[in-house]
Amino acid sequence: MTDTKLTIDSVEVSFGETLALAKIDLEVKNGEFVTFVGPSGCGKTTLMNVIAGLQQPTSGRVMMDGADIAGKPGHVGYMFQKDLLIPWRTVTGNIVLGAALTGRATKSDRTAARELAARYGLGDFVDHYPHALSGGMRQRVALMRTLAFHKEVLLLDEPFGALDAQTRLEMQQWLLEVWADSGRTVLFITHDVDEAVFLADRVVVMSARPGRIQDVHEVAVPRPRTVDTLMSPEFMDLKSQVLSGLYHTEAE
Amino acid sequence: MRVVRLASPLLAVLLVLAVWQLAVSGLHIQSYILPSPHQTWQALRDDWTSVRSLAGQTLYESVVGFVIGTGVGFLLAVAMAHVTIVHRVLYPILIATQAVPIVAIAAPLVIILGYGLAPKLVIVGLIVFFPVVVNVLDGLSSIDHGMVDLARSMGAGEAKIFLLVRLPATLTPLFSALKLGAAYAVTGAVIGEWTASITPGLGKDLLLKNSRLDTAGVYADVLLLTAVGLGGFLLMTVVERLSTPWRTRGTARRWFRRSADMKG
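In the order they appear, the protein sequences are chains A and B.
Using the numbering used here, you'd call the opening residue of the first sequence number 1 and step up by one each time.
Using the numbering used here, you'd call the opening residue of the second sequence number 1001 and step up by one each time.
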């Protein structure tokens, strides 16, 4: 658990004259769960796009397992705020999307997809089209699609942002369960400080104009975490630290 | 519910026939001005052998013209969506083709293409291709960019993205255009026969009967043409339901699940 999986090395992104990200440095350990919070426009999504290979950085590198993956797609699993399920593919078809797009979804891919769906409570819905699913179910399918893409690093950009509070809490616990099962490294963006602290090993607080890392908080709250964790003193303490960091930035 | 859904269009047809019959008998209209439904039916039956083969000719022109017109329309839309310069150059030209009265260009078409099948196909094609271009362009431009980004983040090439993400998104608007086109194609074939034809067809036959004051025969032809257009529309509706199951169904069809399992 101590070896470094991902190194973000002096990554800068500017759009024309505007500096969107100013010199980001961060090391992420193998199997670590890191959450990112910050005001709108602090460049969280831009940073994810750089790691996912959708955005070429103006300067800097993103090293994963010894190779620079900045601006090169196909190395990480990326999940967006919108579930982006393909309407004409069934649940199974959506889960195997990565395989279908990069080669061919084989019979064993489909079998694995069905098993994944069954394991996480969607076994009766494998042949459903997305429009027949609830919001929470759709997000589950989107996460399964990201898992089935078989990448060791997962980028989750506000995946539960559009869900109601109760579904969101269920999804957070489910995500922790999936994370514990899969042993992947997770980078998770959110606006919700509760969510950031509840999920993370470390919380990265970002600030805007230009986007940069302001603070990094270690979350020493023991796992497994439950609803009770949300009321524990160490959770509250950390949450107020993160909040005050965010508040001071915005007051500047 | 299903029975009501299937029966209501039939009821609508019966209603039209009833109003037609009432108008004829109630207002004592002469049969050479407006024949009754019964007289029309009689004319259709008396003339069935010849009318049937003429309808076959018109159907053939409509179908071939429809296939060519919609195919060209689809390819143009794809090219226009992907190459900006093609879009800029072609769009005004396409609009212009729609502003030209079809009847007016029929005569010059004959000079270029002769009196055979070709000018009719061009006329049918001109009528059906435009809705396809507009709708498919719409479908391609209304794709959620997130889906394309997602596919890119997975390392997919543009060809795969086109095949799996962009192309299926055009099906819904494409079928709207195909349904319209199927109905319009018959009109195109008739116009083609009127203005650019020495070969027989239902449209030509209609003109002939009209000049002989065989009004019942004219109505019989009109009825048959309507049936052909309606049939095309219905066929497209069925094909649409089969090829876009996600719009009307919650789950995939059984046979499709198996074939999807095999295809991957």
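The beta-carbon is built from N, C-alpha and C at its ideal position, and this holds for glycine as well.
Check                                                                                                              : Outcome
Secondary structure, beta strand (DSSP E): runs of 3+ residues fully inside the region 14–89 of chain A            : 18–29, 33–37, 59–64, 77–79
Identity of the residue in 1150/B, 1223/B, 1181/B nearest residue 1265/B by Cα                                     : In the structure displayed, chain B extends from 1001 to 1264; residue 1265/B sits before or after that span and is not available.
First through last residue of the alpha helix (DSSP H) which encompasses residue 108/A                             : 107–119
Residue 5/A beta carbon less than 8 Å from that of residue 77/A                                                    : no
Residue 65/A, buried or exposed, once every other Cβ within 10 Å from all chains shown has been counted against 16 : exposed
Pick from 1103/B, 1099/B, 1081/B, 1107/B that is closest to residue 1135/B, judged by C-alpha positions            : 1081/B
Neighbourhood of residue 1198/B by C-beta, 8 Å cutoff - its chain only, sequence neighbours within 5 removed       : 1115
Chain B contact for residue 132/A (CB, 8 Å cutoff)                                                                 : yes
Sub-8 Å separation of residue 204/A and residue 213/A beta-carbons                                                 : yes
Min CB distance residue 1173/B to chain D below 8 Å                                                                : Protein chains A and B are contained in the structure displayed, whereas chain D is not.
Distance CB(residue 1147/B)-CB(residue 101/A) smaller than 8 Å                                                     : no
Within 9 Å of chain A by C-beta, residues of the region 1142–1160 of chain B in sequence order                     : 1144, 1146, 1147, 1149, 1150, 1151, 1152, 1153, 1154, 1155, 1156, 1157, 1160
Any beta strand (DSSP E) of 3 or more consecutive residues that is wholly inside the region 151–200 of chain A     : 153–157, 185–189
6 Å Cβ shell around residue 252/A - same chain, five flanking residues per side excluded                           : In this prediction, residue 252/A has a pLDDT of 48, which is less than 50 and means its spatial position is unreliable; nothing more can be read from the coordinates.
Short Cβ contact (8 Å threshold) for residue 1247/B with residue 1170/B                                            : no
Contacting residues, own chain, Cβ-Cβ under 8 Å from residue 163/A (five flanking each side not counted)           : 135, 136, 139, 171
Collapsed DSSP secondary structure at residue 252/A in the structure displayed                                     : With a pLDDT of 48 at residue 252/A, under the threshold of 50, the modelled position of this residue cannot be trusted; read the value that follows with caution. Three-state DSSP puts residue 252/A in coil, outside helix and strand.
Euclidean distance between Cα positions of residue 1264/B and residue 96/A                                         : Low local confidence applies: a pLDDT of 39 at residue 1264/B is under 50, so the model's placement there is unreliable, and no value is given.
The beta strand (DSSP E) enclosing residue 207/A, as first and last residue numbers                                : 202–207
CA-to-CA distance, residue 182/A to residue 167/A, given in whole angstroms                                        : 22 Å
Residues that residue 1249/B contacts on chain A, provided the C-beta gap is smaller than 8 Å                      : 129
Boundaries of the alpha helix (DSSP H) in which residue 139/A is found, first to last residue                      : 135–148
Interface flag, residue 1165/B vs chain A, CB-CB below 8 Å                                                         : yes
Buried or exposed by the 16-neighbour rule on C-beta atoms within 10 Å, applied to residue 1210/B                  : exposed
Sheet register partners of residue 1199/B (DSSP bridge)                                                            : DSSP output for residue 1199/B lists no bridge partner at all.
Residue from 200/A, 23/A, 218/A, 119/A with nearest C-alpha to residue 185/A                                       : 200/A
Boundaries (first-last residue) of the beta strand (DSSP E) holding residue 215/A                                  : 212–218
is_contact[residue 71/A, chain B] using C-beta, thresh 8 Å                                                         : no
Proximity below 8 Å, CB of residue 1193/B to CB of residue 1201/B                                                  : yes
Distance between beta carbons of residue 1099/B and residue 1195/B, contact taken as under 8 Å                     : At roughly 18 Å, the Cβ-Cβ gap does not stay under 8 Å, so residue 1195/B and residue 1099/B are not in contact.
Residue closest to residue 30/A, alpha-carbon to alpha-carbon, out of 153/A, 107/A, 54/A                           : 153/A
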